[in-house]
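Take a look at the structure set out below.
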Amino acid sequence: MTIDNAENQAINDWLPITASRKAKWWYSAFHNLTAMVGAGVLTLPYAMSMMGWGPGTVIVLLSWIVTLFTLWQMVEMHEMVPGVRCDRYHELGQQAFGEKLGLYIVVPQQLLVQVGTCIVYMVTGGVSLKKFHETVCPSCQTIRTSYWIVIFASVNFALSLCPNFNSISAVSFAAAVMSLTYSTIAWAACLKKGVVPDVDYSYKARDTADGVFNFMTAMGEVAFSYAGHNVVMEIQATIPSTPEKPAKIAMWKGCVVAYLGVGFCYFPVAFIGYYIYGNSADDNILVTLEKPIWLVAAANMFVTIHVIGGYQVFSMPVFDMMETFLVKQMKFPPSFTLRFVARTLFVAMTMIVGISIPFFGSLLGFLGGFAFAPTSFFLPCIIWLKIHKPKKFSLSWIVNWVCHYMRFSKFFLRILIVSSNLLRQTFLIYIADMHCAWGTADAASSNWFVKKNHHFSQALQVLFMSCLESTA
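Under the UniProt record's numbering, residue 472 is the last one in the sequence shown; the count climbs by one each step, no gaps.
So, in structure tokens, the structure goes:
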């Protein structure tokens, strides 16, 4: 072994993805379950309310089937090139598109998914902690959400120092159990409460444009619910592989178990939650629930524990990219100090951005439409066609091209529509912040004039008042 090869091997033994290859198939099961079942499951009743029974049921079921298929493809492609293990998603892209183009195609999308998920989990963890506190102690002084996000981040500051995937196995297992638990609580509590009076299942849209917008936003939120593909290659890299027993055997066994868990969580929450609340479902079904108090409090704490584990699973590939760049490109020596500084800065960044962005529901739609759909739905199909090269007009060739064109054609429309909503809400925040900064909050709110049926000014007033309440 040459000096360069020995040095590269030493670096690979230090990097979090390739440091340990001793994982079992059940590690794959709970890592994938933790990555897949996240905050997105709680938005499914809300997504159903924007699509209705027919389209909503088809989209939720079809997404489960298609993503299971693309997950199988990714597991198969881990060692499809003889003598090469694609330990990272971008390495798979490089095998398909070339050394540079593969990086340009995969890395920006993968980073957007993983960093975006960590930010959303920061918000979710803080909101769930706040909801837990308000539920168990309604007479206590209200604490602002930003402080709860800081508390949530403090746990992740400590856990982020775990060196590799296998070292967070206990955290990931606890998170997977919590995801099954709070999902069960969500739909069971809905069933116990019963259908709300005057439940409404009609379409929310006021006109055709509004209907298209709602539908695409809902599809983005469903796409967010199937985000685990972005860490599949990295999880499979931790499993030992030999010619007699390749890693894909254990990995696929774990993936099947994980996807059964996904179906157990998603379908009851989506369908029962929508059946009970109809169009009155919030973008977080646990917020909609009010009683029993102890059960709602427990569910929110379970969500908090789960997103702690989910944050660690999604941030580990980001840590790997950061440390690879620092060690291989910037030539820093591998050390605990380097790891401590880099990971602490990342957690701090996601915390600050999470505090600054209050729109949880819009984040799901935007991220789901922009990056989750490509990396989970049609990018694996494209890579499969490039690497596997199925025979033209064979079943594999037809299925992959159909999945590719169906998702790709909807991708740009979804981005345009969901992004316009995010920009509109950002503009409303800017205006409200201006009024708060002027110091004329009381006068402005008391003299605010809203024209009848003027939806934009009504939304502005509601947002403005909510900003005043949050600063109180």
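Backbone N, C-alpha and C fix where the C-beta goes; we use that ideal spot for every residue, glycine too.
The structure presented is a predicted model; accordingly, all values stated were derived computationally and were not measured.
Judged by DSSP secondary structure, ARG339 falls within the alpha helix (DSSP H) whose first and last residues are 336 to 356. Judged by their CB atoms, PHE173 and PHE267 are not nearer to each other than the 9 Å cut-off. Minimum Cα-Cα distance from VAL232 among the listed residues ASN5, GLY52, PRO390 and THR375 corresponds to THR375.
Straight-line measurement puts the Cα of GLU244 at about 14 Å from the Cα of PRO82. By the neighbour-count criterion, in which 16 or more other beta carbons inside 10 Å mark a residue as buried, GLY261 falls on the buried side. Taken through DSSP and simplified to helix, strand or coil, HIS229 comes out as helix. With a beta-carbon spacing of about 5 Å, SER28 and MET251 fall inside the 8 Å limit used to define contacts.
The DSSP-derived three-state label of LEU295 is helix. DSSP places SER146 inside the alpha helix (DSSP H), whose first and last residues are 145 to 159. In this structure GLY52 is in contact with TYR201, their Cβ atoms being roughly 7 Å apart against a cut-off of 8 Å. Of all C-beta pairs linking the segment 10 to 26 to the segment 311 to 328, three or more are shorter than 8 Å, placing the two stretches in contact. Separation of the CB atoms of GLU234 and PHE165 is rounded to 7 Å, and the pair is thereby assigned contact status at 8 Å. In this structure, the alpha-carbon of MET48 lies about 23 Å from that of PHE69. For TYR203, the secondary structure class from DSSP, reduced to helix, strand or coil, is coil.
The distance from the Cβ of VAL347 to that of PHE152 is about 10 Å, inconsistent with a contact at the 8 Å cut-off. Bounds of the alpha helix (DSSP H) holding PRO108 are 99 to 136.
In this structure, the CA atom of ALA297 is about 6 Å from the CA atom of THR135. In this structure, DSSP gives GLN141 a state outside helix and strand, which the three-state scheme calls coil. When rounded, the separation of the alpha-carbon atoms in LYS391 and LYS100 is 27 Å. The three-state secondary structure of LYS192, taken from DSSP, is helix. Ranking ASN8, LYS130 and VAL150 by CA distance to the CA of THR142 puts LYS130 first.
With respect to the 9 Å criterion, ALA237 and ASP87 are classified as neighbours on the basis of their beta carbons. Judged by DSSP in its simplified three-state form, ASP198 adopts coil rather than helix or strand. CYS381 sits in a helix when the DSSP states are folded into three classes.
Taking LEU191 as the centre and dropping the five residues before and after it, the same chain places the C-beta of ILE272 and ILE276 closer than 8 Å to its C-beta, in chain order.
If you ignore the 5 residues before and after THR34, its C-beta comes within less than 6 Å of the C-beta of SER172, ALA175, ALA176, GLY309, GLY310 and VAL313, all in its own chain and listed in chain order. Per the C-alpha coordinates, the member of GLU91, ASN32, VAL150 and VAL75 positioned closest to MET351 is VAL150.
Check the Cα spacing between TYR226 and each of SER356, MET36 and MET74: the tightest is with MET36. Of ASP320, VAL106, VAL66 and VAL257, the smallest CA-CA separation from ASN12 is found for ASP320.
If the five residues before and after ASN32 are omitted, its C-beta is found closer than 6 Å to the C-beta atoms of GLY228, CYS255 and ALA258, all from its own chain and listed in chain order.
Put simply, the backbone Cα of CYS162 is about 44 Å away from that of VAL212.
Here ASN164 carries a coil assignment [DSSP, helix/strand/coil].
When DSSP states are grouped into helix, strand and coil, PRO246 belongs to the coil group. Spanning the alpha carbons of GLY40 and VAL58 requires a straight line of approximately 17 Å. Listed in chain order, the non-local C-beta contacts of GLY278 below 6 Å within the same chain comprise VAL199, ASP200 and TYR201, local neighbours out to five positions each way being set aside. For GLU76, the enclosing alpha helix (DSSP H) starts and ends at 53 to 77.
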